[in-house]
Every structure is written in C-alpha cells, then in structure tokens.
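Protein chains: 2
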Amino acid sequence: MEEVRNQQVIFKDYVNGFPKESDMILTTSATVPLQLPQGSNGVLLKNLYLSCDPYMRGRMTKTEGSYVASFTPGSPITGYGVAKVVESGHSSLKKGDLVWGFTGWQEYSIITAPETLFKIQHTDVPLSYYTGILGMPGMTAYYGFYEICAPKKGEYVFVSAASGAVGQLVGQFAKLTGCYVVGTAGTKEKVELLKTKFGFDEAFNYKEEPNLDASLKRYFPEGIDIYFENVGGKMLEAVLLNMRVNGRISVCGMISQYNLNQEEGVRNLSSIIMKRLLVKGFIVTDHYNLYPKYMEMVIPLIKEEKICYIEDIVEGLESAPKALVGIFSGKNVGKQVVVVARE
Amino acid sequence: MEEVRNQQVIFKDYVNGFPKESDMILTTSATVPLQLPQGSNGVLLKNLYLSCDPYMRGRMTKTEGSYVASFTPGSPITGYGVAKVVESGHSSLKKGDLVWGFTGWQEYSIITAPETLFKIQHTDVPLSYYTGILGMPGMTAYYGFYEICAPKKGEYVFVSAASGAVGQLVGQFAKLTGCYVVGTAGTKEKVELLKTKFGFDEAFNYKEEPNLDASLKRYFPEGIDIYFENVGGKMLEAVLLNMRVNGRISVCGMISQYNLNQEEGVRNLSSIIMKRLLVKGFIVTDHYNLYPKYMEMVIPLIKEEKICYIEDIVEGLESAPKALVGIFSGKNVGKQVVVVARE
Ligand SMILES: NC(=O)c1ccc[n+]([C@@H]2O[C@H](COP(=O)([O-])OP(=O)(O)OC[C@H]3O[C@@H](n4cnc5c(N)ncnc54)[C@H](OP(=O)(O)O)[C@@H]3O)[C@@H](O)[C@H]2O)c1
Ligand SMILES: NC(=O)c1ccc[n+]([C@@H]2O[C@H](COP(=O)([O-])OP(=O)(O)OC[C@H]3O[C@@H](n4cnc5c(N)ncnc54)[C@H](OP(=O)(O)O)[C@@H]3O)[C@@H](O)[C@H]2O)c1
Numbered sequence: 001m002e003e004v005r006n007q008q009v010i011f012k013d014y015v016n017g018f019p020k021e022s023d024m025i026l027t028t029s030a031t032v033p034l035q036l037p038q039g040s041n042g043v044l045l046k047n048l049y050l051s052c053d054p055y056m057r058g059r060m061t062k063t064e065g066s067y068v069a070s071f072t073p074g075s076p077i078t079g080y081g082v083a084k085v086v087e088s089g090h091s092s093l094k095k096g097d098l099v100w101g102f103t104g105w106q107e108y109s110i111i112t113a114p115e116t117l118f119k120i121q122h123t124d125v126p127l128s129y130y131t132g133i134l135g136m137p138g139m140t141a142y143y144g145f146y147e148i149c150a151p152k153k154g155e156y157v158f159v160s161a162a163s164g165a166v167g168q169l170v171g172q173f174a175k176l177t178g179c180y181v182v183g184t185a186g187t188k189e190k191v192e193l194l195k196t197k198f199g200f201d202e203a204f205n206y207k208e209e210p211n212l213d214a215s216l217k218r219y220f221p222e223g224i225d226i227y228f229e230n231v232g233g234k235m236l237e238a239v240l241l242n243m244r245v246n247g248r249i250s251v252c253g254m255i256s257q258y259n260l261n262q263e264e265g266v267r268n269l270s271s272i273i274m275k276r277l278l279v280k281g282f283i284v285t286d287h288y289n290l291y292p293k294y295m296e297m298v299i300p301l302i303k304e305e306k307i308c309y310i311e312d313i314v315e316g317l318e319s320a321p322k323a324l325v326g327i328f329s330g331k332n333v334g335k336q337v338v339v340v341a342r343e
Numbered sequence: 001m002e003e004v005r006n007q008q009v010i011f012k013d014y015v016n017g018f019p020k021e022s023d024m025i026l027t028t029s030a031t032v033p034l035q036l037p038q039g040s041n042g043v044l045l046k047n048l049y050l051s052c053d054p055y056m057r058g059r060m061t062k063t064e065g066s067y068v069a070s071f072t073p074g075s076p077i078t079g080y081g082v083a084k085v086v087e088s089g090h091s092s093l094k095k096g097d098l099v100w101g102f103t104g105w106q107e108y109s110i111i112t113a114p115e116t117l118f119k120i121q122h123t124d125v126p127l128s129y130y131t132g133i134l135g136m137p138g139m140t141a142y143y144g145f146y147e148i149c150a151p152k153k154g155e156y157v158f159v160s161a162a163s164g165a166v167g168q169l170v171g172q173f174a175k176l177t178g179c180y181v182v183g184t185a186g187t188k189e190k191v192e193l194l195k196t197k198f199g200f201d202e203a204f205n206y207k208e209e210p211n212l213d214a215s216l217k218r219y220f221p222e223g224i225d226i227y228f229e230n231v232g233g234k235m236l237e238a239v240l241l242n243m244r245v246n247g248r249i250s251v252c253g254m255i256s257q258y259n260l261n262q263e264e265g266v267r268n269l270s271s272i273i274m275k276r277l278l279v280k281g282f283i284v285t286d287h288y289n290l291y292p293k294y295m296e297m298v299i300p301l302i303k304e305e306k307i308c309y310i311e312d313i314v315e316g317l318e319s320a321p322k323a324l325v326g327i328f329s330g331k332n333v334g335k336q337v338v339v340v341a342r343e
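Heads up: the sequence lines are chains P and A, in that order.
If you read the first sequence in full-length UniProt numbering, its first letter stands for residue 1, the second for the next number, and so on.
If you read the second sequence in full-length UniProt numbering, its first letter stands for residue 1, the second for the next number, and so on.
Here you go:
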C-alpha cells in the first residue's frame, strides 16, 4: 500500500480573544495510505484549495449546542475546500472528480460522508472560485441579499465588510438589481477597489470615521433600505439610526464581536419598531437547496464578465494559519484562499 | 349657540425622563359651542372613554420625523378614545353614532378628518373595550402575534408586560393556538392574574429575578419559539440567549427604554444569526385594514367567554394625568382607561 506524506495544520487548543498563528501547528510527519480502508463508502480526497472563513473562529471556542461543532484540539482544522477524488467508495463520485465542501487542512483527507460534498460541474472557471463566489460565500451573498432583503430597483443598500468574500458579491448583486450601493471596509486600498472594481456608488473606510452615524447620513441622506450586516457592534448601532421605514437588515455576520469575551451592547434597537424593520438572521447551509438556482444565475454573469471576484491567494499549507488569523484584522483583500496543490 | 364647559388636559411642555402628573394641567375654564362651524365636514364628539398608551411618552418629547407627531405644548393631549357623535358634517357618520379613534383629552372634540374614526358596530360589549381589546391594543396583539409570529400549536411563547393591554391578549391568543405560554409582569398580583385569569401556563415577576437568563432557562428548558417583545433592554438581552432555532421576535414595544435619555445597549444579538431569528418591528396603524377580520375573530370569542379582558378604569378627566404617568411604573393592572362620561 503506497503511503505518502500528509502535511497537516493541527488545531492546538481552544482560543481566547483573537486567534494567533501559534494556535495552529504545521506537522509534516504524518503519512496517509493512498487508498481507502477496505469496504469504506467514503472518498479519499487530494485537497487543492482551502478556504479561510470567519465562522471558523467560533469553532476555536469550546461550545455546546452551536450550529457547528468546535474543532478538536490535536486534530487538523476542518473547513471548506476544493479537492480532487483520489479514490471513491461512493456511487456518486469517482476517481478524478472535482468536489467542493467540508474537508481537512491537510494534503489528503478521507471523507466518510461524501454526500455532503458538491461535485463540481463547471471547470472552465478558476477552481478556487468554489471556495468563494461559487461556494459557501457566494451562496451566502445570494441568499442573504435576494431572499432576505427582496431588493427593488432604486433602493439604498449599505454593505459592511464590503470588500470581503461575501460583501464584494452583495455589492455587485445590488448594482445588478439597480440599487444605489455604498460599502465600507477597513483600508484605503479596499475602498478604492469597492469603487473602481466592484462598482459601488460610494465607499468609505470605517476606521477613519470618527462618527459612523454622521458618515451614514452623508452617504444616505434619504436613509438606508437594505443593510447587509457583516460586522455588528457600533456599525449596527449607527445603521439602525439611518434605516428607512420598512427597511430590511440581513444579519449575515458580526465579525467585530467574534473575538470578544463578551459581546458589546447595541443601542437604538427601538428603530426596529419605529421603522418597522425586518431583521433576519440566517445560516447559509440551511439553504443549499438553492445552490443549483444560484449557479444558473451566477455562471453566466461570470462568463459574460458582468461580475468579478477578487481572491487573496497564499501558497502552501504552511501559510494557512497566518491567512486564517489575518481575516480577523482585515489583512485579506477579497476572498482568502490557501493553495495546497493546483491539481 | 349653546356653549358648554369643556374641561381639558393640557400638555405643559416637553418632558425629560419619566413623565410626571405635573407635566399636564387640567383646565376647567374652556367652553365649546355644541355645534360645528358653518360648512365643516368634520364631526363634533362627546368623549366617553380615553386610553392611556405607552407610545404617548414618545409624543412628549420634541422629535421630528417620528411616525407620530409630538404633542403641542399648551394644547390638549390627544390619543385614542371612544366617543359619541354630537353633530356631523360628514356623510359617513351621524348624530348619536359611537366611534373610536383619535380624539382629545377633553369633554368635547372637533375632529376635522372623521375618516380616521372607526364607527362602532357592536354595542353589546362594554364600550370601553374599544380602547383595548376591540381597539388599537387588540389589533396590536392580533397583528403582532398571528401575522408576525405565525404561531403553531405546541410552540413555546414568552410575553413581557404580559398583564397589560396588549400582553394579556397575546397570552390568551397563544393559549387558543395551543401554545405553551409564560408571561412576566412587575407585581405579585399581576403574576397571579396571568395564571388564574388569563390561563398562562406559568408567570413570574421579573423584578424579583436576580438573573433573567436563569429564570428563562427555568421556564423554557427547551427554549423559546416566539417572544412577544413589549419591554426591550435587559429582558431582550436574556431572551436572545434562550431563543430556539427559527424563533420569531415580534417587536411591539420597548417600554423599559422610553424614559431613558439614551437607550441601553443590548448584547447577545449574534443569536439572531446562530438561531436564524426573525426579528420584526411593526406599527399597528399600518395594518388597520385587518380590523374587520380581527373583529370577526374576537367578537365571538368575547361573547362565548373564551377570552377575557381586564381594564383598570379611573373616573374623570382629572384622574387622567396620574393614570397616564402610572403605566410607566406599572401602576395599571390591565388596560388603563379613563372615563370622561358614560354616555
Ligand atoms: N450567516 C452565514 O451563513 C454566513 C456565511 C458566510 C459568512 N458569514 C459572515 O459574513 C461576514 C463576512 O464574511 P466573509 O467570508 O466575506 O469574510 P471577509 O469579509 O472576506 O473577511 C473578513 C473581513 O471582515 C472585516 N473585519 C474584521 N474584523 C472586523 C471588525 N472588528 N470590524 C469590522 N470589520 C472587521 C475585515 O475587513 P475590513 O478591512 O473591512 O475591516 C476582514 O477582511 C462575516 O461576519 C461572516 O461570519 C456568514
Ligand atoms: N407597535 C405598536 O404598534 C404598538 C401598539 C400598542 C402598544 N405597543 C407597545 O406595547 C407595549 C405594551 O403596551 P400596552 O398598551 O399593553 O401597555 P400596558 O402593558 O398596559 O402598560 C405598560 C406596562 O409596561 C410595564 N412596564 C413599564 N415600565 C417597564 C419597565 N421599565 N420594564 C418592564 N416593564 C415595564 C408595566 O407593567 P409591569 O408591572 O409588568 O412592569 C406597565 O403596566 C408597550 O411597549 C407599547 O409601546 C406597540
């Protein structure tokens, strides 16, 4: 039985506050037989691209009853990725197939429940897109914007963490719908990208604004119809003051709160009554039934270059811990991807 | 032209913090001709019952762009009431008709836009009910519970300010739907009422609970499907920790915040994501088109004694300021009504 090296990124122990590179360790000593155990109906994957996603912070805390399990100290990090099937014991997949879905931060993974994997149908787009626009973040932008916000032409849309994996898509979807869109992000470079690359009508760096309420009033003199919430905390507090009657808030994420030991209190919730707001949270995995419908929409948009997607790609498993940690301080410009192998 | 005395409760000036009786003055010097001005297509009303409602606190603050205008210093308080038509210049109403709707805190009022008034059809129920179960608070409970929460048999429902004008109805509607219902209120007497009179499964006095999260865990070991939000602040913060996946929060009111100069911050909003919550605010006046449908439902329930309604009735305009102020410290037991005249 052929055994090969299987580099892994191991989760060391539960994390308090901001995660650090040293909360993960690269091991190069493990090996893996390039073959499934006898009788297995799983699949053996060669991992190509791994995705760094904010929800992974929650998995670094010991929690019970969360919608996603904590990482296991001493075991590899797990997360979304793109992979190639090396061997399959499952009727729906065969050797050579490309898939995206849950895998491990290692060179090779055995997936015992391959029905959770999506078989990749379109290979005439960058494969890494299946960690972003064609994967979980894409579905998140699609569901959170179209299904929750029910946007109409001419409405005023605000997006936080706007240059990220999800935000850059929400902004472009909003423009395609005929909305007026403003985004916020944490660096000058990102703000430029929002305006020049993704077509946001306006953008600003929230870190340079002393008064977020005043900033929003400047960009939205008529108020905000739709807020795509990625950050929470003080931004939400300011947005609530600027929502219009019958506004909608798609509560996708609150990344500004993930590393705090106690969440910040948010004021101005009485706007929910006065403005008759809809505030709706969601977890994208509940809505994967809509994935085919989303693909039908987005694949032509990509091919016709009506939408673009920016990735922040680092090479090698050894770069993964730094990349993951980086998203919590905004180091990533666009979707954060780690290349393990290109094929 | 016959002139009669027209006692009035005058709004003195904008209020800071908790309202006081002295923020209103009873004047007995005004008179009114018992006749409409020539050519008027308004109506002259004799006021019978006046309603004390929490939203009136908002009108005591000078605000712009709110969904309801501020009171005018030096003019009578205005609010919901039940009245009899003395003279009508409007085709839809005639002398002797009974109506409910917006009127003044005085013995007689001229209403220049009588199309805002509801003509009372059922007079075989207490007329004062049109300030409560058959008026604005009734519609609020109906819309906020049925339309927003879409309750299902067997679901776990929590109601705050549960013995009040709205809350007592929400609890009873929930029981009629086959839900498990727990209410909270601020005195022992009210807690007893909830259990013995309104049929709540459990009830507790929030003022005696050192840890609201723990209280809710005690009453809802399985969590809360539906929260009917009347109070906001710390209660909402604790509820968020105890919501179940796909829970719904009908954001009706946040009375604990109305007298503060700055709203309290509310933590635990990330539950909105994790639990995929729907949080929906509403203003009942947007939904008065459903009033006939509500009446069809509720009138038989009253007649068949399947629902009951408790009012806290005080006599005379001179008692009105104290009654209104009292609802902000929970003095009222049930719907707070002021009798101006009985016919
Ligand atoms: N509900 C779901 O199913 C679901 C699915 C996917 C993602 N999400 C959520 O969606 C949000 C965006 O995810 P993503 O994948 O698109 O990530 P991302 O935007 O690519 O990366 C995270 C970005 O968040 C910003 N950020 C970090 N800390 C912040 C803070 N304290 N305050 C404000 N901004 C901060 C940084 O950009 P700046 O330079 O702009 O600060 C950073 O680049 C996250 O909250 C995530 O949890 C939810
Ligand atoms: N959205 C709408 O269209 C709409 C329409 C009608 C009413 N509302 C809202 O619905 C809620 C209930 O109104 P209602 O007419 O039924 O009033 P109510 O319950 O009859 O009277 C107010 C009650 O609120 C409670 N309360 C007062 N201050 C409080 C505090 N700091 N913390 C907790 N509870 C407090 C008191 O009862 P305890 O003894 O229990 O403390 C008091 O009796 C209010 O928030 C109101 O603004 C909204």
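All C-beta atoms in this analysis are idealised placements derived from N, C-alpha and C, irrespective of residue type, glycine included.
- In terms of side-chain proximity, the C-beta atom of residue 6/A is found no nearer than 6 Å to any non-hydrogen atom of ligand 1.
- For a Cβ distance threshold of 8 Å, nothing in chain P lies close to residue 213/A: the least Cβ distance comes to about 13 Å.
- Only exposed fits residue 69/P, as fewer than 16 other CB atoms lie within 10 angstroms of its CB.
- For residue 143/A, the three-state secondary structure derived from DSSP is helix.
- For the 7 Å CB-CB criterion, residue 54/A and residue 8/A do not form a contact.
- Contact between residue 316/P and residue 339/P holds, since their C-beta atoms are separated by about 7 Å, short of 8 Å.
- Taking a contact as a CB-CB distance under 8 Å, the pair residue 151/A and residue 174/A counts as one, their CB atoms being some 6 Å apart.
- The beta carbon of residue 1/P sits no closer than 7 Å to any beta carbon of chain A.
- Close to chain A, meaning a Cβ-Cβ distance shorter than 9 Å, are the following residues of the stretch 261–275 of chain P: 262, 263, 264, 265, 266, 267, 268, 269, 270, 271, 272, 273, 274, 275.
- If you check each beta-carbon in the stretch 47–72 of chain A against every beta-carbon of chain P, the ones closer than 7 Å belong to 66, 67.
- Cβ neighbours of residue 24/P within its own chain (closer than 7 Å, five residues either side excluded): 9, 10, 11, 12, 77, 321.
- Straight-line measurement puts the Cα of residue 252/P at about 13 Å from the Cα of residue 226/P.
- Within the chosen limit of 6 Å, ligand 2 reaches the beta carbon of residue 327/A through at least one heavy atom.
- Comparing C-alpha distances from residue 245/A to each of 224/A, 20/A, 201/A, 128/A shows the shortest one belongs to 224/A.
- In this structure, residue 219/A keeps its C-beta atom at 7 Å or more from the C-beta atom of residue 170/A.
- When the alpha-carbon of residue 198/A is set against those of 305/A, 292/A, 42/A, 155/A, the nearest one is in 305/A.
- By the rule that beta-carbons nearer than 7 Å mark a contact, residue 283/P touches chain A.
- The count of Cβ pairs closer than 8 Å, one atom from the stretch 183–193 of chain P and one from the stretch 203–215 of chain P, reaches three, so the stretches are in contact.
- Using a C-beta cut-off of 8 Å, the stretch 16–23 of chain A makes no contact with the stretch 287–304 of chain A, since fewer than three inter-stretch Cβ pairs fall below that distance.
- The beta carbon of residue 19/A sits no closer than 6 Å to any heavy atom of ligand 2.
- Residue state for residue 322/P is assigned as helix, using DSSP reduced to three classes.
- Listed in chain order, the beta strand (DSSP E) runs fully inside the stretch 208–252 of chain A are 224–229, 243–251, counting runs of at least 3 residues.
- Look at residue 279/P: its beta carbon is at least 6 Å from all of the heavy atoms in ligand 1.
- Each of 300/A, 140/A, 274/A, 341/A was checked against the Cα of residue 314/A, and the nearest Cα belongs to 341/A.
- Excluding its 5 nearest sequence neighbours in each direction, residue 115/P has C-beta neighbours in its own chain below 8 Å: 90, 92, listed in chain order.
- Secondary structure within the stretch 10–45 of chain A: the beta strand (DSSP E) runs of 3 or more consecutive residues, fully enclosed, are 24–27, 31–33 (chain order).
- Residue side-chain check: residue 186/A places its Cβ nearer than 6 Å to a non-hydrogen atom of ligand 2.
- Of the residues 124/P, 1/P, 329/P, the one whose Cα lies closest to the Cα of residue 300/P is 124/P.
- Look at the beta carbons and you see the stretch 78–88 of chain A touching the stretch 25–43 of chain A: at least three pairs across the two are nearer than 8 Å.
- Rounded to the nearest angstrom, the gap between the Cα atoms of residue 279/P and residue 149/P is 9 Å.
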